[in-house]
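See below for the structure under consideration.
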Amino acid sequence: MNLRKPPVPATWLLTRLGIADGNAPLAGDLLEEFQSGRSVAWYYRQTFMAIATGMYRNAWVARRYLGAFSIGYAAQAGVAFILWRNSWPSVLHGIAFTTLAVVMVILLLGTLSRPLWRPRDTKHLGSDLPKLESFFEFSFFAVVAFGSYLMMYGLVALLWRQSLREWAYTESIWFLGFIVPDLIRPRSQPRRGRQSARGQA
Amino acid sequence: MEQMARHNSLGEFELMVLLALIRLGDDAYGVTISREIENCSGREVALGSVYAALDRLEEKDLVRSKLGDPTASRGGRAKRYFRSTQQGLREVRETQRVLMSLWRGLPALEGGKA
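For the protein sequence lines, the chains are S and C, in the order given.
Numbered per the working numbering, the first sequence spans residues 1 to 201.
Numbered per the working numbering, the second sequence spans residues 1001 to 1114.
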């Protein structure tokens, strides 16, 4: 059997962003349709739609944490901006903060594109819980990254003989924005009243 | 009682997906469901959206799924077959009843006149 090869970039995206593993039946359906004569453009369209749909779904699953993250980050950004404008060594602070912001956004988008959520099926999945591990990996990174950033912030404050009050204020926002969501994350628990797919209508 | 309280309202696309898989019976999986909707609506359907709708329906206990066997033409990936549950059938009937009663209240639109 001579099978057509789907476009490599689209396949790479499907694999790289976790759809090929996280939702294998969907990846299989795309390939089956492509083998049955669908165009390359169709394959690309469907791939991008699958990725966008998956990201939306992941964002919905992780909405609580995304909300906490957004509030924490926005507050942090606001405080940092005020400090930047007023008294901090602006070049150093601006470069560090902008770099960190860009890295965080890229990582967040990368995290959302991974399969945080997986469909319930009966053969491969032992748990019905949403797969939020990727988001918590990101959350952990955010804690480490901002922690390091704020340590540098404090060090600069000491070196420049500035007040540490703003630094403490920023630290508390960082704590509320990133540590608390991690502390209240859901633990594994059995889902109520689900039956296997054998008992179908 | 809890079932009564937790009414599962169906979105337009969810209803289309549910009707398509009921029509298809045992052969309902991503490809056939999207083709069925495409044939009826005349529009291209995103497989990702079909799966998103199916996942929502499964969360509402309106459909169940099971994996088939992997095949070479699908890159060694299995098909995920879907079937409506009894609750799903009830929901479709209820939606039909509501839509029909609303439709009957619009005499100007009867006979396909917009």
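By construction, the Cβ of each residue, glycine as well, lies at the ideal position given by its N, Cα and C atoms.
Cβ separation of residue i and residue j, assumed to be a contact under 8 Å, to the nearest whole Å
i: glycine 1117(C); j: glycine 28(S); result: Limits of chain C in this structure are 1001 at one end and 1114 at the other, which puts residue 1117(C) out of reach.
i: valine 1017(C); j: leucine 1047(C); result: Rounded, the Cβ-Cβ distance is 11 Å, inconsistent with contact.
i: leucine 3(S); j: threonine 47(S); result: Wrong, their Cβ atoms sit about 18 Å apart, outside the cutoff.
i: valine 1092(C); j: leucine 1021(C); result: With a Cβ gap of about 10 Å, valine 1092(C) and leucine 1021(C) do not count as contacting.
The beta strand (DSSP E) enclosing residue i, as first and last residue numbers
i: threonine 1071(C); result: 1063-1071
Endpoints, alpha helix (DSSP H) assigned at residue i
i: arginine 1097(C); result: 1086-1104
i: valine 40(S); result: 40-61
i: valine 1045(C); result: Here valine 1045(C) belongs to no alpha helix (DSSP H), and DSSP marks it neither H nor E.
i: glycine 28(S); result: 24-35
i: alanine 10(S); result: 8-16
i: alanine 1108(C); result: Alanine 1108(C) -> no alpha helix (DSSP H), and no H or E assigned at all.
i: alanine 1020(C); result: 1012-1024
Cβ neighbour criterion (16 or more within 10 Å) applied to residue i
i: valine 1063(C); result: buried
i: alanine 1005(C); result: Bear in mind that a pLDDT of 42 at alanine 1005(C), under 50, signals an unreliable position, so the model cannot answer this.
i: glutamate 1058(C); result: buried
i: arginine 33(S); result: For the sequence presented, residue 33(S) should be read as glutamate rather than arginine. So glutamate 33(S) counts as buried.
i: valine 1045(C); result: buried
i: alanine 24(S); result: buried
i: arginine 1104(C); result: exposed
i: arginine 57(S); result: buried
CB contact flag (residue i, residue j, <8 Å)
i: glycine 1068(C); j: alanine 1078(C); result: yes
i: threonine 1085(C); j: aspartate 1061(C); result: yes
i: valine 1116(C); j: serine 1034(C); result: For chain C, the structure presents residues 1001 to 1114; residue 1116(C) sits outside this window and is missing.
i: leucine 26(S); j: proline 6(S); result: no
i: arginine 1056(C); j: glutamate 1014(C); result: yes
CA-to-CA distance, residue j to residue i, given in whole angstroms
i: glycine 1042(C); j: arginine 1083(C); result: 24 Å
i: arginine 1023(C); j: glycine 1030(C); result: 14 Å
i: alanine 1114(C); j: proline 9(S); result: Confidence at alanine 1114(C) is low in this model, with a pLDDT of 49, below 50, so the placement of that residue is unreliable and no value is reported for it.
i: leucine 1102(C); j: glutamine 1087(C); result: 22 Å
i: leucine 1106(C); j: serine 1073(C); result: 49 Å
i: valine 40(S); j: leucine 17(S); result: 19 Å
i: alanine 201(S); j: aspartate 1027(C); result: Unreliable positioning characterises alanine 201(S) in this predicted model, as indicated by a pLDDT of 34, which lies under 50. The coordinate reading is nonetheless provided below. Taking the straight line joining both Cα atoms gives about 14 Å.
i: serine 1009(C); j: alanine 59(S); result: 22 Å
i: glycine 37(S); j: alanine 1108(C); result: 44 Å
i: tyrosine 43(S); j: arginine 1090(C); result: 36 Å
i: asparagine 1039(C); j: threonine 1032(C); result: 10 Å
i: methionine 953(C); j: alanine 50(S); result: Not covered by the structure: residue 953(C). The range shown for chain C is 1001 to 1114.
i: glycine 1025(C); j: glycine 1011(C); result: 21 Å
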